[in-house]
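Trainee: Got a structure here, written out as structure tokens. Questions coming.
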Amino acid sequence: MVTEIKVGLCNPPEPIYLYVKNGELSGESYLWYHYDINNQTTIPVQQTGLTGYISDLKLKTTEFRGNINTKLDIVVRADEIYVVRTGIETNFAKTFLLAVSLVQDFSKPLIIAAIAGRENVVFCRLYDAATKIRIHSEWNKDADWPAIIDSVQTNLQTSKNSHIVSGEPILF
Numbered sequence: 051m052v053t054e055i056k057v058g059l060c061n062p063p064e065p066i067y068l069y070v071k072n073g074e075l076s077g078e079s080y081l082w083y084h085y086d087i088n089n090q091t092t093i094p095v096q097q098t099g100l101t102g103y104i105s106d107l108k109l110k111t112t113e114f115r116g117n118i119n120t121k122l123d124i125v126v127r128a129d130e131i132y133v134v135r136t137g138i139e140t141n142f143a144k145t146f147l148l149a150v151s152l153v154q155d156f157s158k159p160l161i162i163a164a165i166a167g168r169e170n171v172v173f174c175r176l177y178d179a180a181t182k183i184r185i186h187s188e189w190n191k192d193a194d195w196p197a198i199i200d201s202v203q204t205n206l207q208t209s210k211n212s213h214i215v216s217g218e219p220i221l222f
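Residue numbers for the sequence shown follow my numbering, so the first one is 51 and each next one is one higher.
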């Protein structure tokens with residue numbers, strides 16, 4: 051597979067981090083944002099969906115305002131590499147994990163959508179990008195979250211390996 055490489059000015063191939071928050075800035079509501087660490091500013095993202103190939107789930111421990119937090123990083127390959135970062139205990143993370151646990155074929159693009167709930171709550175909806183059909187899962191407050199993450203990570207790795215064995219191009 052030959053890919054044409056665009057020459058000229060560009061941004062370095064660093065992931066674009068999207069953070070989940072039901073917020074408002076200058077009268078505009080948003081559910082995702084970038085954070086400019088150099089200027090310590092929040093940059094709202096108006097789109098509420100991200101279409102791409104989920105390539106990895108990672109758990110990260112971060113420190114924020116003196117507290118240690120565990121974050122779920124959802125790595126998505128699209129026009130750029132995006133990392134959707136959310137707290138592991140959030141409704142967004144849990145609704146994402148319940149839906150993504152139903153996905154068997156990660157070689158197809160998915161749409162990750164941020165959906166506003168009451169007050170500051172954000173939920174996740176997952177859709178098949180080709181059919182636009184929602185991957186519906188039932189809420190389970192007692193789900194085994196570590197087991198779900200392990201299972202999805204295994205399915206992601208299996209999906210990557212099956213494409214290597216079959217000779218199909220890897221779209222991750």
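No residue lacks a Cβ here, since even glycine has one placed at the ideal position from N, Cα and C.
Please read these numbers as outputs of a predicted model, since none were measured by experiment.
Please report how far the alpha carbon of L122 lies from the alpha carbon of K56, in whole angstroms.
Mentor: Cα to Cα, the separation comes out at about 32 angstroms.
Trainee: Nearest to A143 by CA position, among G102, W189, K210 and R115, is which residue?
Mentor: Ranking the options by Cα distance to A143, first place goes to W189.
Trainee: For K182 and D86, I'd like the C-alpha separation in whole angstroms.
Mentor: If I take the Cα positions, the gap works out to 32 angstroms.
Trainee: DSSP three-state label for F222, please.
Mentor: With a pLDDT of only 40 at F222, under 50, the local geometry of the prediction cannot be trusted, and no value is derived from it.
Trainee: Could you give the DSSP three-state label for L148: helix, strand or coil?
Mentor: In the structure shown, L148 sits in a helix (DSSP, three-state: H, G or I).
Trainee: According to DSSP, C50 sits in a beta bridge with which residue or residues?
Mentor: The requested residue 50 is not part of the displayed model; the chain covers only 51 to 222.
Trainee: Check N141 in the structure and name its three-state DSSP category.
Mentor: It is helical.
Trainee: Check whether the segment 108-119 touches the segment 155-163, taking contact to mean three or more Cβ pairs, one atom from each stretch, closer than 8 angstroms.
Mentor: Output reads no: the segment 155-163 does not touch the segment 108-119.
Trainee: What does a CB cutoff of less than 8 angstroms around G217 pick up in its chain, not counting 5 residues either side in sequence?
Mentor: Since pLDDT at G217 reaches only 45, below the 50 mark, its modelled position is unreliable, and the value read off the structure follows with that caveat. If we look at G217 and ignore the five residues flanking it on each side, it has no Cβ neighbours.
Trainee: Is the distance from the Cβ of L81 to the Cβ of V172 below 7 angstroms?
Mentor: Yes, the Cβ-Cβ distance between L81 and V172 is below 7 angstroms.
Trainee: Return the first residue and the last residue of the beta strand (DSSP E) that P94 is part of.
Mentor: That run of the beta strand (DSSP E) goes T91 to V95.
Trainee: Measuring straight from C-alpha to C-alpha, what distance separates A108 and P196?
Mentor: Looking at the sequence shown, residue 108 is not Ala but Lys. Their backbone Cα atoms lie some 11 angstroms apart in a straight line.
Trainee: Taking DSSP as the reference, what is the three-state secondary structure of K210?
Mentor: In this structure, K210 counts as helix in the three-state DSSP scheme.
Trainee: DSSP has W195 in a bridge; who is on the other side?
Mentor: The partner list for W195 (beta bridge, DSSP) is empty, contrary to what the question assumes.
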